Structure formats: structure tokens, C-alpha cells
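**Student:** In terms of the numbering used here, the sequence shown opens at residue 164 and continues consecutively.
Glycine included, every Cβ here is placed at the ideal spot set by N, Cα and C.
Please read these numbers as outputs of a predicted model, since none were measured by experiment.
Have a look at this one before I ask anything.
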Amino acid sequence: MGKVKIHVVDHPLLTHKLTVLRDERTDSPTFRRLTEEIVTLLAYEATRDVHVVPVTVKTPVAMTEGKVLAKPRPVVVPILRAGLGMLEGMTRLIPTAEVGFLGMVRDEVTLQASTYANRLPEDLTGRQCYILDPMLATGGTLIAAINYLFEKGARDITAITILAAPEGIAAVEKAFAHTEAPITIVTGALDEKLNEHGYIVPGLGDAGDRLYGVV
Ligand code: URA
């Protein structure tokens, strides 16, 4: 039976950046830059099991054995809109990853997630997929996104989130309790709870608004 793996990245540099990110006085340009830096640190942990293949290289001194990223390359899937703010930080670490987009919106009243746009490879069989979504709140969006990738054949899925609420983690664990495929959640912090509006407490507010302004 499947078990969702949760990895809370605990590093003082990450905690520092996260604390500034949470501060309501942090403006959008700083918020965007910090988000990229945080994602690069999270991605470093999240890609620990990325597929590699052995190769031989010739240094100026001798032949040696090394490893390079395997093909097909991993697929990075930012969830629009807020996940877009995480893309640059991820591709800085894996510049050759393919990028697919998934547009999901959650109804503010029912908190149900639905897909409004997608641009992804038709067949994700055998591809390692990295979902980018800054806030794991109710879990609705992430569950819908994982199911969407499953439908396209993906079986190895890692979600990278900046913050997670216990309710969201529990919902994802419940939704995929009987799934064989490995699912990993890598997050910068596990917060206290959700409030009645579905916001993470203490959280950082609306990630999309803080990245891109209220539109
Ligand atoms: N989405 C956000 O942007 N913030 C939250 O706190 C919860 C969901």
C-alpha cells in the first residue's frame, strides 16, 4: 500500500528566508526573489532521487566514471498562478527539465479545485514529475493535480511546497492511501492549521497576490 512521504526541510538559511517571506511588510519584488531562492533550496532536497545514468568522462588528467541526468528528463509542473513564481528557482537547479503547465483554480466558497488550462506531454509514463505549488492548504488542488498526472501515466511524483498545513497533508495521505506509486511532499515548513477561509495559519497570506499583486 502506498505511503505519502513528507519531508520538511529544516535548514537555518531556509528558515531565515521563509521568515522574511511571511512578513507582511515584504514587497512583491522581494517576495518573488525570496520564493526563487527558497525553491532552489527545496529542489535540492526534492531531487535527491532524480534518475541518473553512469558515464565515462575524460578530464585533462585521466578517464573517470561519473553520472549525469537520465533521459527522458524530469518534468516540472508549476500550478498556475502561484506555482509560476517557483519555476525559475527550480529550473536554475535543473535547466534541462521539461516544463508543463497546469492551471487550477479553487472555488473560494466550496474550496473545490478544478482545471482550467493545461500544457503537458500527453504521455508521462516513466517520467519523474515535480509539481510546484507554494501553499498546501486543504490539499484539494494538489490531489487534483496528482490525479491528473496519474491519468497521463506518471507514477513518480514529488510535490514541492513552501508551506503546508496539517489538514492538507492529511487529505493527501487519505486520498492516496491505496496508491502504489510513490508520492513525496517536500515543504519548507509545516504550519499550525487552516483558518475558516482555507488560509494557512500563520502562513504568509495569498501567495499569488503577494507574488503578482491582487488582480
Ligand atoms: N493559498 C494561499 O495562497 N494561501 C493560503 O494560506 C492558502 C491557500
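For residue 215 and residue 229, I'd like the C-alpha separation in whole angstroms.
**Tutor:** As a first step, residue 215 must be located in the sequence shown, where it is residue number 52. As a first step, residue 229 must be located in the sequence shown, where it is residue number 66. Spanning the two alpha carbons is a distance of roughly 10 Å.
**Student:** Which term fits residue 291, buried or exposed, when burial requires 16 or more other beta carbons within 10 angstroms of its beta carbon?
**Tutor:** Here residue 291 corresponds to residue number 128 of the sequence shown, with the count starting at 1. With 16 or more other Cβ atoms inside 10 Å of its own Cβ, residue 291 counts as buried.
**Student:** So, with DSSP's three-state summary, where would you put residue 179?
**Tutor:** Against the sequence shown, residue 179 aligns to sequence position 16. Helix.
**Student:** For ligand 1, any of its heavy atoms closer than 7 Å to the Cβ of residue 298?
**Tutor:** As a first step, residue 298 must be located in the sequence shown, where it is residue number 135. Indeed, a heavy atom of ligand 1 lies less than 7 Å from the Cβ.
**Student:** Report yes if the C-beta distance between residue 363 and residue 348 is below 8 Å; otherwise report no.
**Tutor:** Working through the sequence shown from its first residue, we reach residue 363 at position 200. Working through the sequence shown from its first residue, we reach residue 348 at position 185. No, these two residues do not count as a Cβ contact at 8 Å.
**Student:** Using the DSSP secondary-structure output, state which residues sit across from residue 282 in a beta bridge.
**Tutor:** Translated into the one-based positions of the sequence shown, residue 282 becomes position 119. DSSP output for residue 282 lists 264 as bridge partner(s).
**Student:** Provide the residue span of the alpha helix (DSSP H) that contains residue 379, from first to last.
**Tutor:** With the chain covering 164 to 378 only, the question about residue 379 has no answer from this structure.
**Student:** Exposed or buried, residue 180, counting other C-beta atoms within 10 Å across all chains shown (16 or more means buried)?
**Tutor:** On the sequence shown, residue 180 is found 17 positions in, with the first residue counted as 1. The residue in question, residue 180, is buried, as its Cβ has 16 or more Cβ neighbours within 10 Å.
**Student:** Comparing alpha-carbon positions, which option in 366, 369, 341 and 378 lies nearest residue 166?
**Tutor:** For the purposes of this step, residue 166 is identified with residue 3 of the sequence shown, where counting begins at 1. Among 366, 369, 341 and 378, the Cα nearest to that of residue 166 belongs to 341.
**Student:** From the DSSP output, read off the bridge partner residues of residue 171.
**Tutor:** Start at 1 with the first residue of the sequence shown, and residue 171 comes out as number 8. For residue 171, which the question treats as bridged, DSSP gives the partners 350.
**Student:** If contact is defined by three or more beta carbon pairs under 8 Å, each pair taking one atom from either stretch, is the segment 249–258 in contact with the segment 275–282?
**Tutor:** no
**Student:** If I measure Cβ to Cβ from residue 220 and keep anything under 7 Å in the same chain, skipping five residues before and after, which residues do I get?
**Tutor:** Here residue 220 is taken as the residue at index 57 of the sequence shown, counted from 1. Within the same chain, residue 220 has close Cβ partners 227 and 229.
**Student:** Whole angstroms are fine: how far does the CA of residue 326 sit from the CA of residue 462?
**Tutor:** Any answer about residue 462 is impossible in this case: the structure gives the chain only from 164 up to 378.
**Student:** My guess is that residue 304 and residue 269 are in contact by the Cβ rule of under 8 Å, so how many angstroms apart are they, rounded?
**Tutor:** Taking the first residue of the sequence shown as position 1, residue 304 is located at position 141. Taking the first residue of the sequence shown as position 1, residue 269 is located at position 106. Correct: roughly 6 Å between the Cβ atoms.
**Student:** Please return the same chain residues whose Cβ sits closer than 6 Å to the Cβ of residue 321, not counting the five positions on each side in sequence.
**Tutor:** For the purposes of this step, residue 321 is taken as the residue at position 158 of the sequence shown. Excluding five sequence positions before and after residue 321, the CB atoms of its chain that fall closer than 6 Å to its own CB belong to 209, 293 and 347, given in chain order.
**Student:** Does ligand 1 have a heavy atom nearer than 7 Å to the CB of residue 246?
**Tutor:** Start at 1 with the first residue of the sequence shown, and residue 246 comes out as number 83. Checking every heavy atom of ligand 1 against the Cβ of residue 246, none is found closer than 7 Å.
**Student:** With distances taken between CB atoms, is the gap from residue 309 to residue 339 smaller than 8 Å?
**Tutor:** Taking the first residue of the sequence shown as position 1, residue 309 is located at position 146. Taking the first residue of the sequence shown as position 1, residue 339 is located at position 176. Yes, the Cβ-Cβ distance between residue 309 and residue 339 is below 8 Å.
**Student:** Taking 7 Å as the cut-off, is the beta-carbon of residue 186 closer than that to any non-hydrogen atom of ligand 3?
**Tutor:** The model on display carries ligand 1 but not ligand 3.
**Student:** Find the nearest neighbour of residue 178 within the set 353, 378, 374 and 359, judged by alpha-carbon distance.
**Tutor:** As a first step, residue 178 must be located in the sequence shown, where it is residue number 15. Residue 353 is the option with its Cα nearest to residue 178.
**Student:** Could you tell me the alpha carbon to alpha carbon distance between residue 371 and residue 223, rounded to whole angstroms?
**Tutor:** Here the question's residue 371 lines up with position 208 in the sequence shown. Here the question's residue 223 lines up with position 60 in the sequence shown. Taken atom to atom, the span from the alpha-carbon of residue 371 to that of residue 223 is near 48 Å.
**Student:** Beta carbon of residue 370: closer than 7 Å to some heavy atom of ligand 1?
**Tutor:** In the sequence shown, counting from the first residue as 1, residue 370 sits at position 207. Correct: residue 370 has its Cβ closer than 7 Å to ligand 1.
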